[in-house]
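Q: All residue numbers for the sequence shown refer to my numbering, where the first residue is 8 and numbers rise by one.
In this text, a Cβ means the ideal position worked out from N, Cα and C, and glycines have one as well.
What you are looking at is a predicted structure, and each value in this text was computed from that prediction instead of being measured.
Got a structure here, written out as structure tokens. Questions coming.
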Amino acid sequence: MKFMNIKNSFKALTYAAYAVAVCSAFVNPASAQSVEQLQQLRERAQQSQSGAATPSVSPLSISTQRTLPGATASANTMGQFSTQPRNGVNLPGEPTIDTVFPAQAPMENPPFAANLFIGGFESERSSGLNDNYLIAPGDKISIWLWGAVNFSDVVTVDNQGNIFIPNIGPIRIANTPAGSVNQTVTGKIRQVYTNDVNVYVNLLTSTPVSLYVSGPVLRPGQYAGLASDSVLYYLKRAGGIDFQRGSFRQIDIVRNGKVVASADLYAFFRSGKLPEISFKDGDTILVHPIGNTIVVETGARNSFTFEFLNEELNGGVVNYFARPGEFASHASVSGIRNNKQFARYVSVEEFASLKLSAGDTVEYIADHEPQIYRINVAGAFAGASQVMVDKGARLIDVLDHIEADTTLSDTQNIYLLRESVAVKQKEIIEEGLQRLERSMYTAPISSTGEGAIRAQEAQLVADFITRARQVEPQGRVVVSENGEIANILLEPNDTIVIPEVTDLIHVGGEVLLPQSVVFNPDATTEDYVAWAGGFTERAEDERILIVRKNGNVTFTSVNDSFLSSNDSKLEPGDQIIVLPAIDTKILQAVKDITQIVYQIAIAANVATD
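Right, dumping it as structure tokens:
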């Protein structure tokens, strides 16, 4: 009765819905604007009234997404697994190298021969079969007989290592090289069919073997491959040897509990030798723990971490593998002996006979005392741009061997460019910049307004320091004055600069049009600055830098008379550099900045913006 009441209730609701739809069609023309739409509504109502179109409804047939606890739709289905290779894709929750091994910093000196496991050579396989491959159970062989007897079939090597041919019987070919299969099978067939029978035998497929890789490798486990694959192939499949724990020298192939072959990757790396072995199911490639190590840090072509046997712990073996550079003269050895620190500094020849200990560190050093210097020549000269001189040579001795045209070369204003002086100039500038930073960032502040001003000043100083640190000093050394040249001692890689004869005065720095002006003996500093467009708004006209051709530096101003003394008189080839002025109302460390600006201008012949 309850079900009938529910059914009647649904019918009543259907009539009500039909009535509402008809009324709404008249009230709202937008929902039903034609007779065809009204007819469609009537047909839907009739279909809902017919018992054949409306199935019986019960509470048990009402769809819902709620389920009882523990109820599943696939309770009777069985689990499935994929037979396809994953190609290195990890399953959800599966341990990875990152989760198993702790994070380690990159090794500065990786193991020697570690690059054997770089790349994907394990995926490069030959399409053909190796002639030295040994036939194993499961291999498929194609056989053709024609002539007096016709026969064609593909046979499989059984578990006993035999193939069966009708009228011939079993033929044992297990452990027969692939290149000899044709000869072996043909010989057995001709023992039965002696005349008028031609035979052709071909190995079609080889059966993969399954073996284990164990020891300090990244992914130890079971791997499949061909019996003719190399040890390197299976080691690469296992992720390679662990650089921190695994041995590159002691790798054994174990079969039935016995070592049947051993591999030394150093021998392969140096001479291409690997054990010749045909793998079988169940073989194990066992990598032993790492042995004695010697680290070669620098000075050698092979700066790696080497693993040596006990009898190889001597300098001669290290020299053989590390291959020190041609100019290496000495070897530095440090380590531990009897729980005490050990260190030696010996020649490469003495190092060859030195006994070493596990954990030693070796550095090769080129410690030859230089006896010949290279001196560079630049500017206006003729001949070679480099001169090789003996240790202790002086400037005038070298000038005697440099060709120069006196009409084009100003030999009275020679100067040097020296690397050691450039380094010292860089250090002096850096000290001034650091002192400026300390004075700006440690200055006391008495009020909030002063603090805001100091913050702006600090930003300006920081920008100035950044640009100043980019300047590279020339390392100029003044060696000539009034036509006389100082016969100073030369240093390696010095550059002798012979200026060209010129008729120009170079004007730069804080002028509107930096340029070179023809020398006029009657012109003053103000004239040359005026010819260069005059001063800029931030020019310092009280201290103008004059750089002579020989490298000397003097200061002057527009109010000075260059005719008053010979020391301040301009000469052709001189440079006039107008330095920027520092506003004393803005910056507190005016003295330090001015000093640094002068140092940079003198050291590099530039005016810092």
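Please report the residue range of the beta strand (DSSP E) in which Ala274 lies.
A: As a working note, residue 274 is residue 267 in the sequence shown. From DSSP, Ala274 is part of no beta strand (DSSP E) but of the alpha helix (DSSP H) over 272-278.
Q: Tell me, please, which residues DSSP counts as bridged to Asp321.
A: As a first step, residue 321 must be located in the sequence shown, where it is residue number 314. The sequence shown places Asn at residue 321, rather than the Asp named in the question. Paired residues: Lys362.
Q: Going straight from the alpha carbon of Arg73 to that of Ser217, what length do you get?
A: Position 66 of the sequence shown, counting from 1, holds the residue named residue 73. Position 210 of the sequence shown, counting from 1, holds the residue named residue 217. Because the pLDDT of Arg73 is 41, which lies under 50, any placement of that residue in the model is unreliable, and the number read from its coordinates should be weighed accordingly. Near 49 angstroms, if we compare the C-alpha coordinates of Ser217 and Arg73.
Q: With DSSP run on the structure shown, which of helix, strand or coil describes Lys147?
A: Here residue 147 is taken as the residue at index 140 of the sequence shown, counted from 1. In the structure shown, Lys147 sits in a strand (DSSP, three-state: E or B).
Q: Exposed or buried, what is Val206 when buried is set at 16 or more other beta-carbons lying within 10 Å of its beta-carbon?
A: Against the sequence shown, residue 206 aligns to sequence position 199. With 16 or more other Cβ atoms within 10 Å, it is buried.
Q: In chain order, what residues of the same chain lie with their CB nearer than 6 angstroms to the CB of Gly558, ignoring the 5 residues before and after it?
A: As a position in the sequence shown, residue 558 is number 551, starting the count at 1. For Gly558, where only same-chain residues beyond five positions count, the Cβ hits under 6 angstroms are Tyr422, Arg483, Val485.
Q: Where does Ile603 fall in DSSP's three states?
A: Translated into the one-based positions of the sequence shown, residue 603 becomes position 596. Correct three-state label for Ile603: helix.
Q: How many Å lie between Thr418 and Glu438 at the Cα?
A: The count along the sequence shown starts at 1 and reaches residue 418 at position 411. The count along the sequence shown starts at 1 and reaches residue 438 at position 431. Whole-angstrom Cα-Cα distance: 36 angstroms.
Q: So, Pro223 versus Gly253, is the Cβ gap smaller than 7 angstroms?
A: In the sequence shown, residue 223 corresponds to position 216, counting from 1. In the sequence shown, residue 253 corresponds to position 246, counting from 1. Cβ distance < 7 angstroms, so Pro223 and Gly253 count as in contact.
Q: Using the Cα positions of Arg344 and Tyr352, report the straight-line distance between them to the nearest angstrom.
A: Taking the sequence shown and counting its residues from 1, the one referred to as residue 344 is at position 337. Taking the sequence shown and counting its residues from 1, the one referred to as residue 352 is at position 345. Each residue's alpha carbon lies about 16 angstroms from the other.
Q: Rounded to whole angstroms, what is the Cα-Cα separation between Gln251 and Ala234?
A: On the sequence shown, residue 251 is found 244 positions in, with the first residue counted as 1. On the sequence shown, residue 234 is found 227 positions in, with the first residue counted as 1. Taking the straight line from one Cα to the other gives about 30 angstroms.
Q: Below 6 angstroms CB to CB, which residues in the same chain sit around Ala155 once its five sequence neighbours on both sides are set aside?
A: Mapped onto the sequence shown, residue 155 falls at position 148. Contacts found: Asp203, Val204.
Q: Buried or exposed for Met447, please, with buried defined as at least 16 other CB atoms from any protein chain shown within 10 angstroms of its CB.
A: Here the question's residue 447 lines up with position 440 in the sequence shown. Result: buried.
Q: Which residues in the same chain as Thr212 place their Cβ atom closer than 6 angstroms to its Cβ, once the five residues preceding and following it in sequence are excluded?
A: By one-based count along the sequence shown, residue 212 stands at place 205. Lys147, listed in sequence order.
Q: Enumerate in chain order the residues of its own chain whose CB-to-CB distance from Met395 is below 8 angstroms, with the five nearest sequence positions on each side excluded.
A: Residue numbering aside, residue 395 sits at position 388 when the sequence shown is read from its first letter. Closer than 8 angstroms at the Cβ level, and outside the excluded window around Met395, lie Ile379, Tyr380, Arg381, Ile382.
Q: Near Ile452, what residues of its chain come up, given a Cβ to Cβ distance below 7 angstroms and the 5 sequence neighbours on each side ignored?
A: Reading the sequence shown from its first residue, position 445 is the one you call residue 452. Once the five neighbours on either side are set aside, the close Cβ partners of Ile452 are Gly458, Arg461.
Q: Quick check for students: name the residue ranges of the beta strand (DSSP E) that lie wholly in the region 284-334, counting only runs of 3 or more.
A: The qualifying runs are 291-296, 299-303, 312-315.
Q: Near Arg370, which residues of its chain fall below 6 angstroms by C-beta distance, leaving aside the five closest residues on each side in sequence?
A: The count along the sequence shown starts at 1 and reaches residue 370 at position 363. It should be pointed out that residue 370 corresponds to Glu in this sequence rather than to Arg. The residues are Glu304, Thr305, Gly306, Ser339.
Q: In the structure shown, what three-state DSSP assignment does Thr193 receive?
A: Numbered from its first residue, the sequence shown carries residue 193 at position 186. Three-state DSSP puts Thr193 in a helix.
Q: Scan the region 164-190 and note each continuous beta strand (DSSP E) run of 3 residues or more that stays entirely inside, going in chain order.
A: Fully enclosed beta strand (DSSP E) runs of 3 or longer: 169-172, 176-179.
Q: DSSP beta-bridge partners for Asn383?
A: Along the sequence shown, read from residue 1 onward, the residue named residue 383 stands at position 376. DSSP lists Gln393, Thr502 as partners of Asn383.
Q: Between Arg425 and Asp374, is the Cβ-Cβ spacing less than 7 angstroms?
A: Taking the first residue of the sequence shown as position 1, residue 425 is located at position 418. Taking the first residue of the sequence shown as position 1, residue 374 is located at position 367. Against a cut-off of 7 angstroms, the Cβ pair of Asp374 and Arg425 comes out as no contact.
Q: For a quick check, are the C-beta atoms of Tyr535 and Val518 less than 7 angstroms apart?
A: By 1-based counting over the sequence shown, the position of residue 535 is 528. By 1-based counting over the sequence shown, the position of residue 518 is 511. Not a contact, by the Cβ cut-off of 7 angstroms.
Q: Tell me the residue span of the alpha helix (DSSP H) that contains Ile436.
A: In the sequence shown, the residue the question calls residue 436 occupies position 429. First-last of the alpha helix (DSSP H) with Ile436: 426-448.
Q: Return the bridge partner residues of Ser339 from the DSSP annotation.
A: Indexing the sequence shown from 1 puts residue 339 at position 332. For Ser339, which the question treats as bridged, DSSP gives the partners Tyr352, Glu370.
Q: Tell me, please, whether the region 541-557 touches the region 575-586 by the rule of three or more beta-carbon pairs shorter than 8 angstroms.
A: Judged by Cβ distances under 8 angstroms, the region 541-557 makes contact with the region 575-586, as three or more pairs qualify.
Q: Please name the residue or residues paired with Asn205 in a DSSP beta bridge.
A: Locating residue 205 in the sequence shown gives position 198, counting from the first residue. Its beta-bridge partners are Trp153.
Q: For Pro76, collect the residues of the same chain with a Cβ closer than 8 angstroms to its Cβ; drop the 5 residues on either side in sequence, then sort them by chain order.
A: Residue mapping note: residue 76 aligns to position 69 of the sequence shown, counting from 1. For Pro76, the pLDDT reaches just 43, beneath the cut-off of 50, and the residue's location in the model is therefore unreliable, leaving the point undetermined.
Q: Whole angstroms are fine: how far does the CA of Ala181 sit from the CA of Gln167?
A: Counting from 1 along the sequence shown, the entry for residue 167 is found at position 160. Counting from 1 along the sequence shown, the entry for residue 181 is found at position 174. Going by the C-alpha atoms only, they are around 8 angstroms apart.
Q: Rounded to the nearest angstrom, what separates Pro521 and Phe542 at their Cα positions?
A: What you label residue 521 is simply residue 514 of the sequence shown in a count that begins at 1. What you label residue 542 is simply residue 535 of the sequence shown in a count that begins at 1. Using only the alpha carbons, I get a separation of about 10 angstroms.
Q: Does the region 345-365 come close enough to the region 314-333 to have 3 or more Cβ pairs within less than 8 angstroms?
A: Yes, they touch.
Q: Can you find the residues in the same chain that come closer than 6 angstroms, C-beta to C-beta, to Phe471, ignoring five residues on each side of it along the sequence?
A: Indexing the sequence shown from 1 puts residue 471 at position 464. Nothing meets the Cβ criterion.
Q: Is Tyr140 helix, strand or coil by DSSP?
A: On the sequence shown, residue 140 is found 133 positions in, with the first residue counted as 1. Of the three classes helix, strand and coil, the one that applies to Tyr140 here is coil, per DSSP.
Q: Is Ala349 buried or exposed, if buried means 16 or more other CB atoms sit within 10 Å of its CB?
A: Locating residue 349 in the sequence shown gives position 342, where the first residue counts as 1. Note on residue identity: the sequence assigns Phe, not Ala, to residue 349. By the 10 Å Cβ count, Phe349 comes out exposed.
Q: Expressed to the nearest angstrom, what Euclidean distance is found between the alpha-carbon atoms of Gln606 and Pro118?
A: Within the sequence shown, numbered from 1, the residue matching residue 606 stands at position 599. Within the sequence shown, numbered from 1, the residue matching residue 118 stands at position 111. Each residue's alpha carbon lies about 50 angstroms from the other.
Q: Do you know how far the Cα of Thr300 is from the Cα of Thr368?
A: As a first step, residue 368 must be located in the sequence shown, where it is residue number 361. As a first step, residue 300 must be located in the sequence shown, where it is residue number 293. One C-alpha to the other measures close to 9 angstroms.
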